[in-house]
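To keep things clear, I will list the structure first and then write my remarks on it.
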Amino acid sequence: MNQLNLFGINEGLIFPENLLDYYPEFLTRAESRILIKKLITEVPWQQRTVTMYGKEILTPRLTAWYGDNNKTYSFSGTKFDPITWTNELKELKQKIEILTNLPFNSVLLNYYRDGNDSVAWHSDDETELGENPNIASLSIGQSRIFEFRHKKDYHKKYALALEDGALLIMKGDLQHHWEHRIPKSKVFELPRINLTFRSVHPLRN
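When we follow my numbering, the leftmost residue of the sequence shown carries the number 6, and every step to the right adds one.
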(Lines of atoms letter the chains of each structure in order from A and count residues from 1; the text may use other names and numbers.)
(Lines give C-alpha, C1' and ligand atoms only; values in the text may rest on other atoms or scores of the structure.)
Protein backbone atom coordinates (compact mmCIF):
# COMPACT_ATOMS: atom_id res chain seq x y z
CA MET A 1 0.00 0.00 0.00
CA ASN A 2 1.39 3.42 -1.00
CA GLN A 3 0.86 6.96 0.24
CA LEU A 4 -2.09 8.58 -1.48
CA ASN A 5 -1.35 11.35 -3.95
CA LEU A 6 -4.46 13.42 -3.20
CA PHE A 7 -4.40 17.02 -4.33
CA GLY A 8 -6.79 19.62 -2.97
CA ILE A 9 -8.59 22.22 -5.03
CA ASN A 10 -7.97 24.70 -2.21
CA GLU A 11 -4.61 24.78 -0.45
CA GLY A 12 -4.38 24.14 3.26
CA LEU A 13 -7.12 21.49 3.33
CA ILE A 14 -6.30 17.94 4.39
CA PHE A 15 -8.34 14.95 3.32
CA PRO A 16 -8.89 12.35 6.10
CA GLU A 17 -6.74 9.66 4.50
CA ASN A 18 -7.79 7.07 7.11
CA LEU A 19 -10.89 6.71 4.91
CA LEU A 20 -8.90 5.40 1.94
CA ASP A 21 -6.30 2.73 1.18
CA TYR A 22 -4.51 2.79 -2.17
CA TYR A 23 -2.59 0.03 -3.95
CA PRO A 24 -1.28 1.55 -7.22
CA GLU A 25 0.07 -1.71 -8.72
CA PHE A 26 -2.51 -4.27 -7.65
CA LEU A 27 -2.45 -5.60 -11.22
CA THR A 28 0.51 -5.49 -13.57
CA ARG A 29 0.17 -3.70 -16.91
CA ALA A 30 0.19 -7.06 -18.68
CA GLU A 31 -2.58 -8.44 -16.43
CA SER A 32 -4.63 -5.29 -16.88
CA ARG A 33 -4.23 -5.33 -20.67
CA ILE A 34 -5.49 -8.92 -20.93
CA LEU A 35 -8.38 -8.31 -18.52
CA ILE A 36 -9.74 -5.15 -20.17
CA LYS A 37 -9.83 -6.79 -23.61
CA LYS A 38 -11.69 -9.77 -22.19
CA LEU A 39 -14.21 -7.66 -20.27
CA ILE A 40 -14.93 -5.30 -23.17
CA THR A 41 -15.75 -8.20 -25.50
CA GLU A 42 -17.41 -10.69 -23.13
CA VAL A 43 -19.42 -8.69 -20.54
CA PRO A 44 -23.11 -8.12 -21.50
CA TRP A 45 -22.85 -4.35 -21.10
CA GLN A 46 -26.00 -2.22 -20.77
CA GLN A 47 -26.68 1.49 -20.84
CA ARG A 48 -29.17 2.02 -18.03
CA THR A 49 -31.80 4.66 -17.36
CA VAL A 50 -31.40 6.17 -13.87
CA THR A 51 -33.15 8.89 -11.92
CA MET A 52 -30.88 11.83 -11.09
CA TYR A 53 -32.20 14.97 -9.43
CA GLY A 54 -35.76 13.94 -10.27
CA LYS A 55 -35.08 13.30 -13.97
CA GLU A 56 -34.63 10.07 -15.90
CA ILE A 57 -31.39 10.01 -17.90
CA LEU A 58 -29.26 7.47 -19.74
CA THR A 59 -26.05 6.77 -17.86
CA PRO A 60 -23.03 8.20 -19.72
CA ARG A 61 -21.22 4.83 -19.43
CA LEU A 62 -22.05 1.13 -19.70
CA THR A 63 -22.62 -1.11 -16.67
CA ALA A 64 -22.96 -4.71 -15.53
CA TRP A 65 -23.66 -6.28 -12.12
CA TYR A 66 -22.20 -9.62 -11.01
CA GLY A 67 -22.57 -11.36 -7.68
CA ASP A 68 -23.82 -14.14 -5.47
CA ASN A 69 -27.40 -15.34 -5.94
CA ASN A 70 -30.08 -12.92 -4.72
CA LYS A 71 -27.60 -10.06 -4.20
CA THR A 72 -29.83 -7.54 -5.98
CA TYR A 73 -28.75 -3.91 -5.83
CA SER A 74 -30.75 -0.70 -6.44
CA PHE A 75 -29.26 2.62 -7.46
CA SER A 76 -31.02 5.83 -8.55
CA GLY A 77 -34.28 3.99 -9.16
CA THR A 78 -32.64 1.20 -11.17
CA LYS A 79 -32.59 -2.42 -10.01
CA PHE A 80 -29.59 -4.62 -10.78
CA ASP A 81 -30.06 -8.41 -10.71
CA PRO A 82 -26.70 -10.19 -10.48
CA ILE A 83 -25.08 -12.14 -13.29
CA THR A 84 -23.27 -15.29 -12.13
CA TRP A 85 -19.58 -14.78 -11.34
CA THR A 86 -17.10 -15.49 -14.10
CA ASN A 87 -13.86 -17.27 -13.17
CA GLU A 88 -11.86 -14.06 -13.75
CA LEU A 89 -14.11 -11.92 -11.56
CA LYS A 90 -14.23 -14.52 -8.80
CA GLU A 91 -10.43 -14.76 -8.80
CA LEU A 92 -10.14 -10.97 -8.57
CA LYS A 93 -12.61 -10.93 -5.67
CA GLN A 94 -10.64 -13.58 -3.79
CA LYS A 95 -7.35 -11.78 -4.41
CA ILE A 96 -8.78 -8.53 -3.04
CA GLU A 97 -10.28 -10.32 -0.03
CA ILE A 98 -6.91 -11.88 0.82
CA LEU A 99 -5.14 -8.51 0.54
CA THR A 100 -7.69 -6.47 2.50
CA ASN A 101 -9.19 -9.11 4.82
CA LEU A 102 -12.63 -7.81 3.78
CA PRO A 103 -15.52 -9.91 2.40
CA PHE A 104 -17.30 -9.07 -0.87
CA ASN A 105 -20.28 -10.75 -2.54
CA SER A 106 -20.90 -8.61 -5.63
CA VAL A 107 -19.25 -6.24 -8.10
CA LEU A 108 -20.50 -3.37 -10.25
CA LEU A 109 -18.62 -2.89 -13.52
CA ASN A 110 -18.54 0.52 -15.19
CA TYR A 111 -17.21 0.84 -18.75
CA TYR A 112 -16.01 4.35 -19.66
CA ARG A 113 -15.58 4.12 -23.41
CA ASP A 114 -13.71 7.44 -23.71
CA GLY A 115 -13.45 10.83 -22.02
CA ASN A 116 -17.09 11.63 -22.76
CA ASP A 117 -18.23 8.91 -20.35
CA SER A 118 -18.49 9.85 -16.68
CA VAL A 119 -20.31 9.35 -13.39
CA ALA A 120 -21.96 12.25 -11.52
CA TRP A 121 -21.50 13.21 -7.87
CA HIS A 122 -22.89 10.50 -5.59
CA SER A 123 -22.28 8.43 -2.48
CA ASP A 124 -22.50 4.67 -2.25
CA ASP A 125 -24.81 4.84 0.74
CA GLU A 126 -27.69 2.58 -0.30
CA THR A 127 -29.31 0.75 2.62
CA GLU A 128 -28.37 -2.71 1.37
CA LEU A 129 -24.65 -1.81 1.61
CA GLY A 130 -24.86 -1.44 5.40
CA GLU A 131 -23.89 1.32 7.82
CA ASN A 132 -20.23 1.93 6.87
CA PRO A 133 -19.65 0.01 3.63
CA ASN A 134 -16.21 -1.09 2.51
CA ILE A 135 -15.89 -0.71 -1.26
CA ALA A 136 -12.92 -1.97 -3.28
CA SER A 137 -12.53 -0.05 -6.53
CA LEU A 138 -10.24 -1.55 -9.17
CA SER A 139 -9.29 0.54 -12.22
CA ILE A 140 -8.00 -0.90 -15.50
CA GLY A 141 -7.17 0.92 -18.71
CA GLN A 142 -7.04 4.69 -19.08
CA SER A 143 -6.09 6.66 -15.97
CA ARG A 144 -8.92 8.99 -14.91
CA ILE A 145 -9.32 11.69 -12.27
CA PHE A 146 -11.42 10.66 -9.25
CA GLU A 147 -12.82 13.59 -7.26
CA PHE A 148 -14.17 13.87 -3.71
CA ARG A 149 -16.11 16.69 -2.10
CA HIS A 150 -17.60 17.09 1.36
CA LYS A 151 -21.39 16.98 1.41
CA LYS A 152 -21.73 20.01 3.71
CA ASP A 153 -18.81 22.09 2.44
CA TYR A 154 -18.06 21.98 -1.29
CA HIS A 155 -14.85 23.96 -0.70
CA LYS A 156 -13.45 20.71 0.69
CA LYS A 157 -12.72 19.11 -2.65
CA TYR A 158 -9.93 16.74 -3.59
CA ALA A 159 -8.80 14.69 -6.56
CA LEU A 160 -6.85 11.49 -7.14
CA ALA A 161 -5.52 10.01 -10.37
CA LEU A 162 -6.69 6.39 -10.58
CA GLU A 163 -4.00 4.56 -12.51
CA ASP A 164 -4.15 1.43 -14.63
CA GLY A 165 -4.16 -1.60 -12.30
CA ALA A 166 -4.73 0.44 -9.14
CA LEU A 167 -6.97 -0.65 -6.25
CA LEU A 168 -8.67 1.94 -4.02
CA ILE A 169 -10.44 0.93 -0.79
CA MET A 170 -13.14 3.33 0.45
CA LYS A 171 -13.99 2.64 4.07
CA GLY A 172 -15.18 3.99 7.43
CA ASP A 173 -17.83 6.70 7.30
CA LEU A 174 -16.63 8.12 3.96
CA GLN A 175 -19.98 7.48 2.25
CA HIS A 176 -21.81 9.43 4.98
CA HIS A 177 -19.83 12.65 4.60
CA TRP A 178 -18.27 12.61 1.13
CA GLU A 179 -19.41 12.36 -2.49
CA HIS A 180 -17.28 11.22 -5.42
CA ARG A 181 -17.36 11.32 -9.21
CA ILE A 182 -15.44 10.69 -12.45
CA PRO A 183 -15.78 13.93 -14.48
CA LYS A 184 -15.81 14.09 -18.26
CA SER A 185 -12.45 14.74 -19.87
CA LYS A 186 -11.18 16.08 -23.17
CA VAL A 187 -7.73 14.68 -22.42
CA PHE A 188 -8.33 11.02 -21.59
CA GLU A 189 -9.70 9.28 -24.68
CA LEU A 190 -8.86 5.59 -24.18
CA PRO A 191 -11.30 3.13 -22.56
CA ARG A 192 -11.36 2.45 -18.82
CA ILE A 193 -13.21 -0.18 -16.81
CA ASN A 194 -13.84 0.23 -13.09
CA LEU A 195 -14.85 -2.71 -10.90
CA THR A 196 -16.31 -1.81 -7.50
CA PHE A 197 -16.54 -4.83 -5.23
CA ARG A 198 -19.20 -4.55 -2.52
CA SER A 199 -20.99 -6.55 0.15
CA VAL A 200 -24.75 -6.44 -0.25
CA HIS A 201 -26.85 -7.26 2.82
CA PRO A 202 -30.51 -8.38 2.89
CA LEU A 203 -32.90 -5.55 3.71
CA ARG A 204 -34.80 -5.80 6.97
CA ASN A 205 -38.56 -5.26 7.03
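Ideal Cβ positions, reconstructed from N, Cα and C, are used throughout, including at glycine.
Residue nearest to residue i in terms of C-alpha spacing, selected from the options
{"i": "residue 76", "options": "102, 25, 67 and 132", "result": "132"}
{"i": "residue 30", "options": "180, 149 and 169", "result": "169"}
{"i": "residue 146", "options": "27, 24, 21 and 45", "result": "45"}
{"i": "residue 194", "options": "204, 123, 184 and 40", "result": "123"}
{"i": "residue 93", "options": "40, 28 and 184", "result": "40"}
{"i": "residue 140", "options": "202, 178, 127 and 60", "result": "202"}
{"i": "residue 105", "options": "33, 175 and 192", "result": "175"}
{"i": "residue 199", "options": "113, 71 and 60", "result": "113"}
{"i": "residue 33", "options": "171, 188, 205 and 134", "result": "171"}
{"i": "residue 204", "options": "37, 134 and 188", "result": "134"}
Nonlocal neighbours in the same chain, by C-beta distance under 6 Å from residue i, ignoring five residues either side
{"i": "residue 190", "result": "120"}
{"i": "residue 86", "result": "77"}
{"i": "residue 117", "result": "66 and 197"}
{"i": "residue 20", "result": "11 and 163"}
{"i": "residue 173", "result": "27 and 142"}
Cβ shell of residue i (< 7 Å), same chain only, five flanking positions each side left out
{"i": "residue 102", "result": "108 and 109"}
{"i": "residue 177", "result": "23, 24 and 137"}
{"i": "residue 63", "result": "52 and 54"}
Residues of its chain near residue i, where Cβ-Cβ distance is below 8 Å and the 5 sequence neighbours each way are ignored
{"i": "residue 182", "result": "155, 156 and 157"}
{"i": "residue 166", "result": "10, 148, 149, 150 and 151"}
{"i": "residue 49", "result": "69 and 88"}
Which residues DSSP lists as bridging residue i, in chain order
{"i": "residue 51", "result": "68"}
{"i": "residue 152", "result": "164 and 186"}
{"i": "residue 199", "result": "115 and 144"}
{"i": "residue 12", "result": "164"}
{"i": "residue 124", "result": "187"}
{"i": "residue 78", "result": "85"}
Backbone secondary structure at residue i - three-state DSSP
{"i": "residue 160", "result": "coil"}
{"i": "residue 176", "result": "coil"}
{"i": "residue 36", "result": "helix"}
Checklist entry - Does the stretch 54-67 come close enough to the stretch 90-105 that 3 or more CB-CB pairs lie under 8 Å? => result No, the stretch 90-105 does not touch the stretch 54-67.
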